[in-house]
Amino acid sequence: MGVVALESFEPALTPSLDHRDSHHSDQEIPSIDLLPFFEPDSSPGIAAGRERIIQEIARACEEWGFFQVVNHGLDCDLITQSLRASKDFFDLSMEEKMKVRPPPGTCPVPMGFCHNSGIDGLVERKEHLFFFAEDGSPTKSPDSFSKYNVWPVKPQNFSIVRERLIVEGQRTAIFLLSLISRSLGLPDNFLYEHYKEKMNALIMLFYPVSDIPEDIGLHKHQDGNILSVVAQNETEGLQVLKDDKWITVKPRTGSLVVNVGDIVQVWSNDRYKSVQHRVINNDQNVRYSFAFSCVPGVSTLVAPLPQFTSEIQQAPRYREFQYGEYMMYRFENKKIVSKNSEEITIKYYSTAEE
Ligand SMILES: O=C(O)CCC(=O)C(=O)O
Ligand SMILES: [Fe+2]
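Just so we're aligned, residue 38 is where the sequence shown starts under my numbering, counting upward by one.
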């Protein structure tokens with residue numbers, strides 16, 4: 038989940054360049070084939086094959102915080118249909134799109150359709166639709182903001198695709214979370230069960246063509262959630278920060294980009310890092326993407342797990358906090374009063390003296 042400005046904040050279009058980290062590199066994020074998890078348990082060498090994947094995931098999360106997966110179980114036709122439905126929605130008139138919003142003043146966070154949001158006068162040249170995912174599970178948070186969802190009625194087939202995408206996309210995200218859990222040496226279902234109340238989210242994004250060099254579609258940020266799973270069309274734009282260089286994620290049809298968020302960083306006491314990323318608008322083609330976000334309910338208490346602290350004689354690097362507080366700080370782009378007025382990130386809960 039990126040930094041999202043309040044719904045009332047929609048500055049006029051102005052160039053929004055971010056040249057501070059404009060070193061680039063030709064490296065690529067790790068790509069991992071999950072096929073052995075979809076083959077029968079009785080296939081020869083299956084246990085070793087799966088174990089190798091778990092090791093690859095551990096290394097990717099430690100070194101990159103990001104990886105790309107193929108054979109992930111999410112129907113590739115559904116990905117294509119969703120990206121097409123997304124295009125059909127963003128092709129509608131601004132007047133039509135603006136209907137997909139909760140009435141002003143009724144919702145504590147910006148949901149539904151947003152465009153050209155940004156912070157501190159910096160524009161993010163993009164449009165997006167933001168929903169909390171309703172999977173009907175009994176573990177849904179009673180305080181879930183999903184009650185504020187406003188669903189598009191146009192285009193006609195949007196709701197059929199979106200309903201399927203939310204159910205099947207969440208299933209895939211939960212499967213990927215089980216692999217990450219295992220890669221940390223925890224039982225498969227440990228992390229999923231650790232956030233008992235779910236408030237998972239779906240964001241669908243549209244980045245227009247821009248001939249401004251390095252025009253920002255989405256400012257650099259770390260995801261404030263547990264896990265993000267992103268699908269994209271063939272247009273380059275997503276970049277990941279590694280060793281102070283921006284690495285462009287090469288779009289691969291049918292693949293998903295996975296990254297761990299701030300909450301996994303805290304749970305694992307910094308073993309896995311929530312890494313900065315951004316989106317640069319392409320100068321040739323429009324870009325569509327969508328992201329599932331595993332998000333805890335607002336009352337969830339977040340702290341480093343004993344497996345990465347007391348059980349291995351390590352001091353916790355974060356103090357315990359309530360997820361809802363952190364989420365609201367992020368939605369409000371809240372600043373730390375005493376520290377050069379930086380925006381609140383997960384560092385705010387760090388126990389390290391500065
Ligand atoms: O559009 C993308 O590829 C990335 C989206 C993203 O980073 C986010 O929603 O937090
Ligand atoms: Fe993100």
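Just so it is clear, CB atoms sit at the ideal spot from N, CA and C, and this is done for glycine as well.
First and last residue of the uninterrupted beta strand (DSSP E) at residue i
i: residue 238; result: 238 to 244
i: residue 268; result: 264 to 269
i: residue 254; result: 253 to 258
i: residue 285; result: 282 to 285
i: residue 275; result: 275 to 279
Residue from the options whose Cα sits closest to the Cα of residue i
i: residue 23; options: 231, 206, 260; result: Since the first and last residues shown for the chain are 38 and 391, residue 23 lies out of range.
i: residue 99; options: 227, 301, 359; result: 301
i: residue 214; options: 357, 85, 94; result: 94
i: residue 125; options: 91, 165, 140, 250; result: 165
i: residue 139; options: 106, 83, 372, 184; result: 184
i: residue 296; options: 265, 80, 163; result: 265
i: residue 272; options: 255, 246, 197; result: 246
i: residue 209; options: 278, 132, 365, 239; result: 239
i: residue 298; options: 291, 316, 304, 261; result: 261
i: residue 108; options: 320, 142, 294, 221; result: 294
i: residue 305; options: 289, 334, 277, 341; result: 341
i: residue 254; options: 79, 349, 76, 325; result: 325
i: residue 106; options: 350, 171, 212; result: 212
i: residue 275; options: 335, 319, 310; result: 319
i: residue 222; options: 308, 286, 168, 315; result: 308
i: residue 258; options: 252, 390, 311; result: 311
i: residue 186; options: 112, 115, 87, 150; result: 150
i: residue 170; options: 249, 227, 332; result: 332
i: residue 27; options: 339, 278, 289, 346; result: As displayed, the chain neither begins before 38 nor continues past 391, which places residue 27 out of reach and without an answer.
i: residue 225; options: 88, 388, 83; result: 88
i: residue 152; options: 134, 143, 249, 201; result: 134
i: residue 380; options: 388, 390, 365; result: 365
i: residue 190; options: 145, 355, 287, 127; result: 127
i: residue 354; options: 371, 384, 372, 369; result: 384
i: residue 252; options: 159, 348, 85; result: 159
i: residue 130; options: 192, 200, 288; result: 192
i: residue 154; options: 390, 386, 370; result: 370
Min CB distance residue i to chain B below 8 angstroms
i: residue 100; result: Of the chains in the structure shown, none is chain B; there is only one protein chain.
Cβ-Cβ separation, residue j to residue i (assumed contact under 8 angstroms), whole Å
i: residue 234; j: residue 117; result: About 33 angstroms separates the two Cβ atoms, so there is no contact after all.
i: residue 207; j: residue 74; result: Residue 207 to residue 74, Cβ: 17 angstroms. No contact.
i: residue 198; j: residue 122; result: 4 angstroms
i: residue 178; j: residue 236; result: 5 angstroms
i: residue 119; j: residue 327; result: 6 angstroms
i: residue 284; j: residue 66; result: 6 angstroms
i: residue 163; j: residue 242; result: 6 angstroms
i: residue 220; j: residue 91; result: 5 angstroms
i: residue 335; j: residue 358; result: The pair is not a contact, with the Cβ atoms about 12 angstroms apart (cut-off 8 angstroms).
i: residue 367; j: residue 388; result: Not quite, the Cβ-Cβ distance comes to about 20 angstroms (not below 8 angstroms), so this is no contact.
i: residue 205; j: residue 111; result: 6 angstroms
i: residue 256; j: residue 161; result: 6 angstroms
N- and C-terminal bounds of the alpha helix (DSSP H) containing residue i
i: residue 92; result: 83 to 100
i: residue 211; result: 195 to 220
i: residue 229; result: 227 to 231
Reduced DSSP secondary structure (H/G/I, E/B, other) of residue i
i: residue 105; result: strand
i: residue 69; result: strand
i: residue 79; result: coil
i: residue 380; result: strand
i: residue 371; result: coil
i: residue 247; result: coil
i: residue 58; result: Because the pLDDT of residue 58 is 47, which lies under 50, any placement of that residue in the model is unreliable, and the question is left without a value.
i: residue 123; result: helix
Residue i beta carbon near ligand 3 (any heavy atom closer than 7 angstroms)
i: residue 314; result: Annotation note on ligand 3: not contained in the displayed structure, which lists ligand 1 and ligand 2 as its ligands.
### Task
Pick out the complete beta strand (DSSP E) segments inside the segment 128 to 192, 3 residues or longer, and give them in chain order.
For the segment 128 to 192, the full-length beta strand (DSSP E) segments reaching 3 residues or more read 149 to 152, 164 to 169 along the chain.
### Query
Going along the chain, which unbroken runs of the beta strand (DSSP E) with 3 or more residues stay wholly within the segment 291 to 366?
Counting only runs of 3 or more, we get 293 to 297, 314 to 317, 324 to 331.
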